[in-house]
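Have a look at the structure below before the remarks.
Protein chains: 2
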Amino acid sequence: MPDKATTRLTQRDIARLAKVSQTTVSLVLNNRSDATARIPAETRDRVLKVIRETGYQADPLARRMTKQRNQILGVFTYESVFPSASGDFYHPFLAGIEDRAERLGWDLLLFTSAPVTDGHRRIFHENNRLRIADGCLLLGREIPSDELARLIAEDYPFVSVGRRDDAGAPVPYVGADYSTATRTVAERAASLGHRRIAFVGLGVGAESSADRLRGFREAAGPRAPHVPTLDRSPGDVLDDLLDRRITAAFVEERADAIALYAAAAERGVDVPGDLSVVALGDSTRPAASDLDFTGFHVPRRAMGVRAVELLEAVLSGTSAEQQLLLPCELTDGITLTPPKGA
Amino acid sequence: MPDKATTRLTQRDIARLAKVSQTTVSLVLNNRSDATARIPAETRDRVLKVIRETGYQADPLARRMTKQRNQILGVFTYESVFPSASGDFYHPFLAGIEDRAERLGWDLLLFTSAPVTDGHRRIFHENNRLRIADGCLLLGREIPSDELARLIAEDYPFVSVGRRDDAGAPVPYVGADYSTATRTVAERAASLGHRRIAFVGLGVGAESSADRLRGFREAAGPRAPHVPTLDRSPGDVLDDLLDRRITAAFVEERADAIALYAAAAERGVDVPGDLSVVALGDSTRPAASDLDFTGFHVPRRAMGVRAVELLEAVLSGTSAEQQLLLPCELTDGITLTPPKGA
DNA sequence: TGGCTTTAGTAATCCGGATTAGCAGGCGGA
DNA sequence: TCCGCCTGCTAATCCGGATTACTAAAGCCA
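Here the protein sequences come in this chain order: P and V.
Numbers 564 to 905, taken from our numbering, label the letters of the first sequence in order.
Numbers 564 to 905, taken from our numbering, label the letters of the second sequence in order.
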């Protein structure tokens, strides 16, 4: 029965009670029975009995001091892990991560202590605690390449969830193949007769944006119009599209697609009759709609799962492909039909 | 510039490079300048220069060996943290927890490694890692009282999110005042003329269930009917209610309220015309509805925030009320109107 | 009975950093 | 010139457990 809450129970205490040395306690606990460590059943039982009676549990941190692995998987998010501002975008990633971590017997350490500078967190700061974890998963739309470069330079085991451009050296990642998915949908639009199609969204900055635009251009040609959304109202964007006589809009961000649809409905513009709208992924901002958009979904859960698996491979030295793109799930939807003239 | 990725950089390495002792490096890093540790600016700068050049960062775990606090807040959930089965029920709790943890400079450790036995996780198992964290938050509908008792016996700092009955000793918690909220809504129904009202749900087992039923009985009397939901279809439950000529159903679980409403709509039973339906909290199972139910919401985010604050108080020895019930947010909604006869 | 092996268990050391006790050298005062 | 004191820094130790090297005692054999 546990008493004296003053000090934690240590192996030394157990040793004293079982009348053996601390070494023996450690050996028993680690179930060692090589030629170098012979513990007869009688002694072993005596030690185990004391351990059972006292409820002793080894300090996991002291353990890590001598062993190398800690069974802690770090998760670094460049935004809040449980944000209200990005809806449930991260949730599926984390569900996948948790699932695999649980199976591997790992705990998840969320680096919420990283201070926010210039609007996002930084990995490397004064009191960096990365090394508590055995390795780390990185989540976020944009990850500064200098931080990636430093992780690589320090040989810290990590995997990015989402494709990243080289940062001096190749970055290990599990990403979504936005480019192929976007190209496929764009080709489908072309085959339906669309000739005036536009990319709506940022298209620059993060790899995920650039990948979509690239896939779009592969299908629609290098001069296909790119309608920006930054700091513009959905009505503005809609006007822009109609002015250019666009028949199909490829919207990078689902929340923008929903807003565009709402603006169109308000204006009496029929979707997809007057304008087809394709959603290239999932909402990273809160936005709900029952509308079944044509486009694709990001395999978020699978990405989380595969990222943990890749990190595990990295940690255990198993060779594995370090850069992985998972296919997006195409959705038929009802917002892409042949254009009116076709 | 970091090289030789073979071994981690230690204070010993820094000491060698700066031509001082490991002790001095430690003193500089901890900014000590007592009478017992006098480091002139010149030496300090030399050490700092080497640290800067090498990018050395102290091992946070080795640190904890001698310091007591680790700045890690444990989060133990009796179900998955990122479940698909319970929708987003936990999300707001975690958002609140993250928010406060971030402010306190703490990292969040999710104990996903705890093995699942008999359908839920157990805190105490073979390879318990609780002590990696300074303290722990407990989330879950039901928490075995033997585990709570053991936490108390071992003097482990923890706070339960959600009220818990004593487990041999008082359990520190931040809960929601289901009982008052339920009573208030039930009284309101009575004042609207409802005489035949029923509690729909488990009403037993978890404290949260029992609290709601208790509040209900305080307003509706000890003999007010309790209609169970376990293993019954919404249609069954609806039949039961109609048979008993109930005019207002107080549904413990919002998902059940939504299902009940759907069953009523299908059957041509008007809600609230023929039957008022009150939702006593939020969905713990995936269920979406645009319907604005009368009832209340659980202050989940605030509970998370306050739980972290309470744990911080416990850890720092600040005296504070150890058992806290936050008021639920009552919602007017449109599903409670006077009964037809009134 | 001496020498060699096996058995059972322990002392010593390490992990990486924090802390305490204490030491060498320079300086001031009597 | 001797003593005490301050300065600047380090050796030693500790945290809790893992591991290695080694020893004392018993067993075996000739």
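Don't be surprised by glycine CBs; every beta carbon is placed ideally from N, CA and C.
Note that the structure is a prediction, hence the values are computed from the model and not measured.
{"Asked": "Using a threshold of 7 angstroms, state whether the C-beta atoms of R752 of chain V and A811 of chain V are closer than that.", "Found": "Before going further, note that residue 752 of chain V is Ala rather than Arg in the sequence given. It is a contact, given that the beta carbons lie within the stated cut-off."}
{"Asked": "Taking the alpha carbon of E816 of chain V as the point to measure from, which residue in V:L776, V:L805, V:Q574 and V:L838 has its own alpha carbon closest?", "Found": "V:L776"}
{"Asked": "Could you pull the DSSP bridge partners for V763 of chain P from this structure?", "Found": "P:V790 and P:V814"}
{"Asked": "Return the CA-CA distance between T747 of chain P and S723 of chain P, expressed in angstroms with no decimal places.", "Found": "25 angstroms"}
{"Asked": "Using a 10 Å radius around the Cβ and a threshold of 16 neighbouring Cβ atoms, would you call D566 of chain V buried or exposed?", "Found": "Any reading at D566 of chain V needs caution, since the residue's pLDDT is 35, under 50, leaving its predicted position unreliable; the model's value is listed next. Looking at its Cβ environment, which holds fewer than 16 other Cβ atoms inside 10 Å, D566 of chain V is exposed."}
{"Asked": "Confirm the yes/no value for this check: CB of A761 of chain V, any heavy atom of the ligand PLP, distance under 6 angstroms.", "Found": "In terms of ligand content, the structure shown is empty, and the ligand PLP therefore cannot be addressed."}
{"Asked": "Check the DSSP bridge columns for T857 of chain P and list the partner residues they point to.", "Found": "P:V841"}
{"Asked": "Please name the residues in the segment 624-637 of chain P whose beta-carbon is closer than 8 angstroms to at least one beta-carbon of chain V, in chain order.", "Found": "L624, A625, R627, M628, N633, Q634 and I635"}
{"Asked": "DSSP puts I635 of chain V in a beta bridge; with which residues?", "Found": "V:D670"}
{"Asked": "Three Cβ pairs or more, each shorter than 8 angstroms: is that satisfied between the segment 865-875 of chain V and the segment 819-839 of chain V?", "Found": "no"}
{"Asked": "Around the Cβ of S643 of chain V, are there at least 16 other Cβ atoms within 10 angstroms (buried) or fewer (exposed)?", "Found": "buried"}
{"Asked": "Compare the beta carbon distance of T900 of chain V and F856 of chain V with 7 angstroms and say whether it is the shorter of the two.", "Found": "no"}
{"Asked": "Would you identify the three-state DSSP class for M564 of chain V, choosing helix, strand or coil?", "Found": "Low per-residue confidence applies at M564 of chain V: pLDDT is 34, beneath 50, and the placement is therefore not dependable enough to give any value."}
{"Asked": "According to DSSP, simplified to helix, strand and coil, what is A744 of chain P?", "Found": "helix"}
{"Asked": "Name, please, each residue of chain P whose Cβ falls closer than 8 angstroms to the Cβ of E642 of chain V.", "Found": "In chain order: nothing, as chain P lies at least about 11 angstroms away."}
{"Asked": "Let me see if you follow: with CB-CB separation under 7 angstroms, is A568 of chain P close to chain V or not?", "Found": "Legend: pLDDT at A568 of chain P = 39, less than 50; position of this residue unreliable, value from coordinates given subsequently. Interface residue, yes."}
{"Asked": "Would I602 of chain P pass as a contact of V588 of chain P if the rule is Cβ separation under 7 angstroms?", "Found": "no"}
{"Asked": "So which residues on chain V does R692 of chain P lean against when the C-beta distance must stay under 7 angstroms?", "Found": "P623 and D670"}
{"Asked": "How many whole angstroms separate the CB atoms of F652 of chain V and T847 of chain V, which I take to be in contact at a CB cut-off of 8 angstroms?", "Found": "5 angstroms"}
{"Asked": "Please report the distance separating the alpha-carbon of S852 of chain P from that of V861 of chain P.", "Found": "17 angstroms"}
{"Asked": "Q886 of chain V lies in the beta strand (DSSP E); which residues open and close that run?", "Found": "Q886 to L889"}
{"Asked": "Please report how far the alpha carbon of G764 of chain V lies from the alpha carbon of V790 of chain V, in whole angstroms.", "Found": "6 angstroms"}
{"Asked": "Using the beta-carbon count (16 or more within 10 Å), is L793 of chain V buried or exposed?", "Found": "exposed"}
{"Asked": "Evaluate contact between the segment 602-614 of chain P and the segment 630-640 of chain P, counting only Cβ atoms and requiring at least three cross-stretch pairs below 8 angstroms.", "Found": "no"}
{"Asked": "Would you say F674 of chain P faces chain V, with C-beta separation under 7 angstroms as the test?", "Found": "yes"}
{"Asked": "Comparing the C-beta of L702 of chain V with each C-beta of chain P, is any distance below 7 angstroms?", "Found": "no"}
{"Asked": "Do A761 of chain P and I686 of chain P have their CB atoms nearer than 7 angstroms?", "Found": "no"}
{"Asked": "Measure the beta-carbon distance from P733 of chain P to Q885 of chain P and round it to whole angstroms, keeping in mind my assumption that it falls under 8 angstroms.", "Found": "7 angstroms"}
{"Asked": "Cβ closer than 8 angstroms: which chain P residues qualify as neighbours of H683 of chain V?", "Found": "In chain order: nothing, as chain P lies at least about 13 angstroms away."}
{"Asked": "For E710 of chain V, decide whether its Cβ has a neighbour in chain P, counting only Cβ atoms nearer than 7 angstroms.", "Found": "no"}
{"Asked": "Let me know the alpha helix (DSSP H) ranges lying completely inside the segment 664-726 of chain V, each 4 residues or longer, listed in chain order.", "Found": "708-716"}
{"Asked": "Span of the alpha helix (DSSP H) holding G738 of chain V?", "Found": "Taken as a continuous stretch (DSSP letters only), G738 of chain V belongs to no alpha helix (DSSP H), being part of the beta strand (DSSP E) at Y736 to A739."}
{"Asked": "Measuring only the C-alpha atoms, how far is G766 of chain P from D774 of chain P?", "Found": "8 angstroms"}
{"Asked": "From which residue to which residue does the alpha helix (DSSP H) around E642 of chain P run?", "Found": "Segment: none, E642 of chain P is in no alpha helix (DSSP H) and carries neither H nor E."}
{"Asked": "Can you tell me where the alpha helix (DSSP H) holding T606 of chain V begins and where it ends?", "Found": "A604 to T617"}
{"Asked": "Please tell me whether H654 of chain V has its Cβ less than 7 angstroms away from any Cβ of chain P.", "Found": "yes"}
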